[in-house]
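Per my numbering, the very first residue in the sequence shown carries number -17; after that it's consecutive.
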Amino acid sequence: NAKNLHDRVTICTSLLARNKNDPFLDRIITGDEKWITYENIVRKRASCEPGQPAPSTFKPSLSLNKRMLCIWWEVQGPIHYVFLKPNEKLNSERYCQQMDDLNKELKKKRPAVFNRKHIILHHDNARPHTAFGTRQMIAELGWEILSHPP
-17 NAKNLHDRVT ICTSLLARNK NDPFLDRIIT GDEKWITYEN IVRKRASCEP
33 GQPAPSTFKP SLSLNKRMLC IWWEVQGPIH YVFLKPNEKL NSERYCQQMD
83 DLNKELKKKR PAVFNRKHII LHHDNARPHT AFGTRQMIAE LGWEILSHPP
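So, in structure tokens, the structure goes:
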């Protein structure tokens, strides 16, 4: 769509100009979520004759388990990550708790970044990220949300 294209060009142009005047890339903390699917394979031991392969008793399940990985990183590498409970989804309340935990980890692991007090958060426009409570929490932390195209 033409409006999205125009918005992308405008935002990218403003970010390039901003970085020339005030380099900010080392202040960006990026956060994202990813569903991780897995299957717990249970194998049982069985006795067998010497030299013979052990019989396999693997029973595949009909469905895979999945857990959401929530991770935040910056130029030096990962800062904080959380695995949600199996099949748990992210909501604004849980995301705000993670922001608080991220802030504590940032203070502990990256004190130079934490003490600058001008952290720029880069995350997508998922509902938990744009909810009123989340925006309020980010404002309380004194962080800026990086503009990015839709």
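Backbone N, C-alpha and C define an ideal beta-carbon position, used for all residues, glycine too. All of these numbers come straight from a predicted model, not from anything done at the bench.
So residue i packs on residue j, CB below 8 Å; how close in whole Å?
i: Ile10; j: His104; result: 5 Å
i: Leu46; j: Glu70; result: Their Cβ separation, rounded to whole angstroms, is 15 Å, which puts Leu46 and Glu70 out of contact at 8 Å.
Give me the Cα-Cα distance between residue i and residue j, rounded to the nearest whole angstrom.
i: Asn(-14); j: Ser(-4); result: 15 Å
i: Arg(-10); j: Lys2; result: 18 Å
i: Trp17; j: Gly59; result: 20 Å
i: Phe114; j: Asp83; result: 19 Å
i: Asn107; j: Ser129; result: 10 Å
i: Pro93; j: Thr19; result: 34 Å
i: Val57; j: Thr112; result: 24 Å
How would you call residue i, buried or exposed, if buried means at least 16 neighbouring beta carbons within 10 angstroms?
i: Thr116; result: buried
i: Gly13; result: buried
i: His(-12); result: exposed
i: Leu(-2); result: exposed
i: Glu122; result: exposed
Leaving out five residues before and five after residue i in sequence, what residues of the same chain have Cβ atoms less than 8 Å from its Cβ?
i: Pro110; result: Leu72, Asn73, Ser74, Arg76, Tyr77 and Thr116
i: Lys67; result: Arg49
Hey, out of the options, whose CA is closest to residue i's CA?
i: Asp8; options: Ala(-1), Asn85 and Phe96; result: Phe96
i: Lys91; options: Trp55, Ile102 and Met119; result: Trp55
i: Met119; options: Ala94, Thr19, Asn85 and Ala108; result: Asn85
i: Asp4; options: His100, Pro131 and Thr112; result: His100
i: Gly124; options: Pro93, Arg98, Pro32 and Asp106; result: Arg98
Using a Cβ-Cβ cutoff of less than 6 Å, which residues in the same chain neighbour residue i once the five nearest sequence positions on both sides are dropped?
i: Glu87; result: Ile61 and His62
i: Asn(-17); result: none
i: Pro131; result: Asp(-11), Arg(-10) and Ile(-7)
i: Ile127; result: Leu103
i: Gln34; result: none
i: Lys89; result: Phe96
i: Pro32; result: none
Spell out whether any CB of chain C is found under 9 Å from the CB atom of residue i.
i: Glu87; result: Within the model displayed, chain C is absent; a lone protein chain is all it includes.
Compute every distance between the C-beta of residue i and the non-hydrogen atoms of the ligand FMN, then say whether any falls below 8 Å.
i: Thr19; result: Ligands displayed in this structure: none; no statement on the ligand FMN is therefore possible.
Among the residues of its own chain, which have a CB less than 7 Å from the CB of residue i, if the five just before and after it don't count?
i: Gln80; result: Cys52 and Val64
i: Phe6; result: Arg0 and Ile102
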